[in-house]
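Each residue of the sequence shown is one higher than the one before, counting from 1 in UniProt numbering.
Working notes for the structure below.
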Amino acid sequence: MDQQIKDPTIHPSIDAPKQTSRGRVVLTTLIVLAFLAGIVWWTRHQSAPQQAGRGRNSAPMSIVPETVAKGDIGVSLNALGTVTSLATVTIRSQISGYLMKIDFKEGDEVKRGDLIAEIDSRPYEATLAQAKGQLARDEAQLKGAQVDLTRYQGLAAQNAVPHQTLDTQVALVAQYQGTVEADRASVKSAEVNLAYCHIVSPINGRVGLRQVDLGNYVTPGDTNGLVVITQLEPISVLFTLPEDNLQAVAKRLREGAVLPTAAYDRSGINKLAEGSLQTFDSQIDPTTGTIKLRAKFENDKRTLYPNQFVNIRLLLDTHKDVTTMSTAGIQRGVPGTFVYLVNADSTVSVKPVKLGVTDGDRVEVISGLSPGDRVVIDGADKLREGAKVVVRTAADATNPAGAAKGGAKSDSKGDAAKGDAKGANPGKTGGGKGKRSEDGQKQ
Numbered sequence: 001m002d003q004q005i006k007d008p009t010i011h012p013s014i015d016a017p018k019q020t021s022r023g024r025v026v027l028t029t030l031i032v033l034a035f036l037a038g039i040v041w042w043t044r045h046q047s048a049p050q051q052a053g054r055g056r057n058s059a060p061m062s063i064v065p066e067t068v069a070k071g072d073i074g075v076s077l078n079a080l081g082t083v084t085s086l087a088t089v090t091i092r093s094q095i096s097g098y099l100m101k102i103d104f105k106e107g108d109e110v111k112r113g114d115l116i117a118e119i120d121s122r123p124y125e126a127t128l129a130q131a132k133g134q135l136a137r138d139e140a141q142l143k144g145a146q147v148d149l150t151r152y153q154g155l156a157a158q159n160a161v162p163h164q165t166l167d168t169q170v171a172l173v174a175q176y177q178g179t180v181e182a183d184r185a186s187v188k189s190a191e192v193n194l195a196y197c198h199i200v201s202p203i204n205g206r207v208g209l210r211q212v213d214l215g216n217y218v219t220p221g222d223t224n225g226l227v228v229i230t231q232l233e234p235i236s237v238l239f240t241l242p243e244d245n246l247q248a249v250a251k252r253l254r255e256g257a258v259l260p261t262a263a264y265d266r267s268g269i270n271k272l273a274e275g276s277l278q279t280f281d282s283q284i285d286p287t288t289g290t291i292k293l294r295a296k297f298e299n300d301k302r303t304l305y306p307n308q309f310v311n312i313r314l315l316l317d318t319h320k321d322v323t324t325m326s327t328a329g330i331q332r333g334v335p336g337t338f339v340y341l342v343n344a345d346s347t348v349s350v351k352p353v354k355l356g357v358t359d360g361d362r363v364e365v366i367s368g369l370s371p372g373d374r375v376v377i378d379g380a381d382k383l384r385e386g387a388k389v390v391v392r393t394a395a396d397a398t399n400p401a402g403a404a405k406g407g408a409k410s411d412s413k414g415d416a417a418k419g420d421a422k423g424a425n426p427g428k429t430g431g432g433k434g435k436r437s438e439d440g441q442k443q
């Protein structure tokens, strides 16, 4: 009996601490879960109003549209070229002598036949006089021999002189004739050398820097010469194109078309001169796969100088009456090439387009748009399908300060209007203040 009574009292005392620990763990777990659930609930309820308010208060994007139109667009080929003079002449002396006169200034414009320099002509004048004297002497001998020949011919007809004497006189006349011809050639040579003493310009052009000073002894073997004259009007530009473009260029030239060519500076923005394509080389460079072409420019404004690097734009053809738009409105992404089309309800739509040739900042639209459509050209970086937009003008886009000033003026007008509205109903604020003052007095 005692054994049975002790056992029930011993087991509860052993299991009681275990049940108490278990209950504490469960309670702690429930508290932690309730705390986490509260955090989640609070976070959701805090972010939902912000998102809702953000959606209600988000302003439409500000954009600048452009109306798609029809027009002409050129098919142009771009290349890098070098300005080359059509004629560059190094003036050298043809004879030897002292330089007596320099009749030009560096940088002068000279015409063909203008005097450039003079060489001491006295030795050549003496040589010419000597050649003329020899010619006169030999002509006199020739005349005497011809008179004797006439006499011998008459005597020979009467058998008064031997035929051998007649033959000898005939040979003597022929000899004198050859001597006279040689003397005449000597006279011409002396005249040419005398003319070389006066050096004249062979072309129209611009005189460069002088290579020799007055009083120097010049010879035909001088390497640098006297001066260099370069033709600047007209002038040409040599440039290269890939061999793949040769057939199209050759076809247009065979058709008799005049291909306009424009020369731009290094930036490719400022146009320097306008000309036309003249011809192309007879062979392709195998190392680069390109072919040389020459364009001619009148260069009346002197914007091109030899060895100057320029950007060439060759107008190969013109597409007439096609749909064109600004390249600023072209977007590229997952849909491919597309534009943002401005709808009548001030929203935008993604419109895929197919493009043709590009000429400067204009591009040909083959399909996807029609004349009269409005596309976004500024402010498209954050647009999406169906986004609301506010249309700005191009003037606002180029003068954001003015646009901001206008917005500030409108805001100030709005604030003034709010102030007028408050002033029109003063009872609400004024009455309240009056009531508080009366209460104060009562107190």
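Every residue gets a Cβ at the ideal spot worked out from N, C-alpha and C, and that includes glycine.
Under the three-state DSSP convention, the category residue i falls into
i, result
"Phe104", "coil"
"Glu298", "coil"
"Ile269", "coil"
"Ala417", "Reliability of the predicted coordinates at Ala417 is poor, the pLDDT of 38 falling under 50, and the value obtained from them is presented with this limitation in mind. Note: Ala417 maps to helix in three-state DSSP."
"Ser189", "helix"
"Thr168", "helix"
"Ala182", "helix"
"Gln308", "coil"
"Ile291", "strand"
"Ala387", "coil"
"Ser412", "Confidence at Ser412 is low in this model, with a pLDDT of 42, below 50, so the placement of that residue should be treated as unreliable; the coordinate-derived value is given next. In this structure, Ser412 counts as helix in the three-state DSSP scheme."
"Gly275", "strand"
"Ser13", "Confidence in Ser13 is poor, its pLDDT being 49 and thus under 50, which makes the residue's placement unreliable; the coordinate value appears in the next sentence. In the structure shown, Ser13 sits in a helix (DSSP, three-state: H, G or I)."
"Ile63", "strand"
"Ala48", "Low local confidence applies: a pLDDT of 46 at Ala48 is under 50, so the model's placement there is unreliable, with the coordinate-based value given in what follows. DSSP places Ala48 in helix when its eight states are reduced to three."
"Ser367", "strand"
"Lys433", "Only weak support exists for where Lys433 lies, its pLDDT of 39 falling under 50; the coordinates are left without a value."
"Ser21", "helix"
"Pro8", "Unreliable positioning characterises Pro8 in this predicted model, as indicated by a pLDDT of 46, which lies under 50. A coordinate reading is not provided."
Among the options, nearest to residue i - alpha-carbon criterion
i, options, result
"Ile235", "Gln278, Ala182 and Gly208", "Gln278"
"Arg184", "Asp148, Gln130 and Lys301", "Gln130"
"Asp285", "Pro371, Val375, Phe239 and Ser367", "Phe239"
"Ser96", "Ala59, Ile116, Asn193 and Asp103", "Asn193"
"residue 511", "Pro65, Gln169, Val339 and Leu226", "Nothing about residue 511 can be read from this structure; the chain reaches only from 1 to 443."
"Gln146", "Ala157, His163, Ser121 and Gln169", "Gln169"
"Glu139", "Leu259, Leu172, Tyr217 and Gln247", "Leu172"
"Ala263", "Ala257, Val237 and Val249", "Val237"
"Leu316", "Val187, Leu246, Asn299 and Val375", "Leu246"
"Val350", "Thr219, Thr324 and Gln331", "Gln331"
"Thr324", "Arg294, Asp361 and Glu298", "Asp361"
"Leu214", "Ala257, Ala156 and Ile102", "Ile102"
"Ala273", "Val83, Pro123, His198 and Gly71", "Val83"
"Gly71", "His319, Leu80 and Trp41", "His319"
"Pro220", "Val212, Ile119, Arg92 and Ser76", "Arg92"
"Ala393", "Ala37, Glu66 and Leu30", "Residue 393 is actually Thr in this sequence, not Ala. Among Ala37, Glu66 and Leu30, the Cα nearest to that of Thr393 is on Glu66."
"Ser121", "Ser85, Tyr196 and Leu304", "Tyr196"
"Lys105", "Ile229, Asn307 and Thr43", "Ile229"
"Asp373", "Glu385, Val339, Ala117 and Gly379", "Val339"
"Asp345", "Gly368, Asp321 and Val391", "Val391"
"Val322", "Leu209, Gly368 and Ile377", "Gly368"
"Arg112", "Ser201, Val218 and Val26", "Ser201"
"Lys271", "Val26, Pro306, Leu293 and Ile312", "Ile312"
"Thr261", "Gly154, Ala87 and Lys296", "Lys296"
Expected contact under 8 Å - CB spacing of residue i and residue j to nearest Å
i, j, result
"Val357", "Glu364", "5 Å"
"His163", "Ala174", "That belief does not hold up - the Cβ atoms of His163 and Ala174 are roughly 17 Å apart, past 8 Å."
"Val68", "Pro371", "6 Å"
"Arg206", "Leu232", "5 Å"
"Ala387", "Thr347", "6 Å"
"Phe280", "Val249", "7 Å"
"Tyr176", "Leu166", "With a Cβ gap of about 16 Å, Tyr176 and Leu166 do not count as contacting."
"Ser76", "Leu304", "That pair is no contact at about 19 Å."
"Val110", "Leu142", "Contact flag wrong, Cβ pair sits at about 46 Å."
"Ile203", "Ile116", "About 11 Å; that fails the 8 Å criterion."
"Gly329", "Ile366", "The pair is not a contact, with the Cβ atoms about 15 Å apart (cut-off 8 Å)."
"Ile119", "Asp359", "In fact, because the Cβ distance is near 57 Å, the residues do not count as touching under 8 Å."
"Val310", "Asp244", "Contact doesn't hold; Cβ gap of about 23 Å is too wide."
Bridge-paired residues (DSSP) for residue i
i, result
"Arg362", "Ser326 and Asp359"
"Ile39", "Ile39 pairs with nothing; no bridge assigned."
"Arg374", "Thr67"
"Asp381", "DSSP, once it has assigned bridges, lists no residue as partnering Asp381."
"Asp285", "Thr290"
Checklist entry - What are the start and end residues of each continuous beta strand (DSSP E) run of 3 or more residues lying completely inside the stretch 73-155, in chain order? => result 88-91, 97-102 and 115-119
Checklist entry - In chain order, which beta strand (DSSP E) runs of at least 3 residues are fully inside the stretch 314-351? => result 331-333 and 336-342
Next on the checklist: Quick check for students: name the residue ranges of the alpha helix (DSSP H) that lie wholly in the stretch 187-268, counting only runs of 4 or more.
Outcome noted: 246-254
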